[in-house]
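**Q**
Residue numbers (our numbering): 949 to 1264.
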């Protein structure tokens, strides 16, 4: 009597058995699966896809700006056009008071505005995440001190603090990045601390501590991965706020006068009397670029928050 076919567990092929996957391979497999689920949820949000497409266009324009614009096009003395020419075939968005193309200024200004937005956000979110995790994990008197400092910075107007920092440290792009990064972190810190307290109350944190896990292990291996969804969503929203703040500070004359940015273009338009003279083409393009980039980041942030937050997914 012949025996029936022998069932083999998954991973066995033929007569031999496949070696078990390593922990690193399993971790990468889980990450790829998580990314696949995230993208599947994200692409179901049309507003998020529109924001991502708009953001990709602006980033591509900023990267290709040196290939599209030459040094002579941005020169104050050798500009090819005449001052304040209205939009035409040669200059689709008109020219400024120096004869430079407004379209060239908007394209080149995207490099500074996006760079400041990304770097300031990286500093802001990094500082806020560090303060939030440390305050939520350790607790006690140190947490109280950190949160009182956070509350003090939070109730003060961020723009006023940024202007004060920039006035003390002097004009420059680095100054604007530091001013924004040092004043816009409290919101992230409060959100991360609240999430850290929720994670610390879970049973597996107690098991990790009982097995000998130290403070660094718990914060980096267990708390940080669980707060990253909030940090990621907050990052996209903070970039938009940073770009708007940079443009505002440049408009107030606190930016680097030798650097072209959207806020600096608006400041030049104000100094040239574009508002009273009705030169809308000097004001509208950089202002519209700021609005569109801020809207793109906001749409991306809301979409990411909707994918990562189970409660928001249930409401959809």
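The beta carbon of each residue, even a glycine, is placed where N, CA and C say it ideally should be.
Is the region 1214-1224 close to the region 1038-1046, with three or more CB pairs under 8 Å?
**A** Counting Cβ pairs under 8 Å, three or more are found: they touch.
**Q** Do you know offhand how far residue 1206's Cα is from residue 1163's?
**A** Between residue 1206 and residue 1163, the C-alpha separation is close to 47 Å.
**Q** Taking the continuous alpha helix (DSSP H) assigned at residue 1082, which residues delimit it?
**A** It spans 1050-1086 - the alpha helix (DSSP H) in which residue 1082 sits, taken as one unbroken run.
**Q** Using 10 angstroms around the beta-carbon of residue 1133, count the other beta-carbons present and answer buried if the total reaches 16, otherwise exposed.
**A** Under this definition residue 1133 is a buried residue.
**Q** Pairing CB atoms from the region 1013-1028 with CB atoms from the region 1190-1203, are three or more of them under 8 Å?
**A** Short answer: they don't touch.
**Q** Let me know if residue 1052 comes out buried or exposed under the rule of 16 or more other beta-carbons within 10 Å of its beta-carbon.
**A** Residue 1052 is buried by the Cβ-count criterion.
**Q** State yes or no: is the C-beta of residue 1198 within less than 9 Å of the C-beta of residue 1214?
**A** Yes; because the gap between Cβ atoms is below 9 Å, this pair is in contact.
**Q** Determine whether the beta carbon atoms of residue 1245 and residue 1187 lie at a separation below 9 Å.
**A** Against a cut-off of 9 Å, the Cβ pair of residue 1187 and residue 1245 comes out as a contact.
**Q** Is it true that the CB of residue 1063 sits closer than 9 Å to the CB of residue 1083?
**A** Result no, Cβ atoms of residue 1083 and residue 1063 do not sit closer than 9 Å.
**Q** Does DSSP put residue 1092 in a helix, in a strand, or in coil?
**A** DSSP places residue 1092 in helix when its eight states are reduced to three.
**Q** With three or more C-beta pairs closer than 8 Å as the rule, is the region 1115-1128 touching the region 1142-1160?
**A** The region 1142-1160, when compared against the region 1115-1128, does not touch it at the 8 Å Cβ threshold.
**Q** Thinking C-alpha only, which one of 1088, 1049, 1169 is nearest residue 1230?
**A** Here the closest residue by C-alpha is 1049.
**Q** Whole-angstrom Cβ separation of residue 1210 and residue 1057, contact assumed at under 8 Å?
**A** The Cβ separation is near 5 Å, so the contact holds.
**Q** Determine the extent of the alpha helix (DSSP H) in which residue 1211 is found, giving its start and end residues.
**A** Here the alpha helix (DSSP H) through residue 1211 covers 1210-1219.
**Q** Less than 8 Å between the CB atoms is what I'm expecting for residue 1067 and residue 1125, so what's the real figure, rounded?
**A** That pair is a contact at about 5 Å.
**Q** Run through DSSP, which three-state label would residue 1025 get?
**A** Note: residue 1025 maps to coil in three-state DSSP.
**Q** Leaving aside the five residues before and after residue 1069 along the sequence, list all residues of the same chain whose C-beta is less than 7 Å from its C-beta, in chain order.
**A** Same-chain partners within the cutoff: 1183, 1186, 1187, 1190.
**Q** Cβ of residue 1075 within 9 Å of Cβ of residue 1130?
**A** In contact: residue 1075 and residue 1130 (Cβ atoms closer than 9 Å).
**Q** If I'm right that residue 1060 touches residue 1121 with Cβ under 8 Å, what's the distance once you round it to whole angstroms?
**A** So it is a contact: roughly 7 Å between Cβ atoms.
**Q** Could you spell out where the alpha helix (DSSP H) holding residue 1230 opens and where it closes?
**A** Start and end: 1228-1256.
**Q** From the DSSP output, in three-state form, read off residue 1207 for me.
**A** Of the three classes helix, strand and coil, the one that applies to residue 1207 here is coil, per DSSP.
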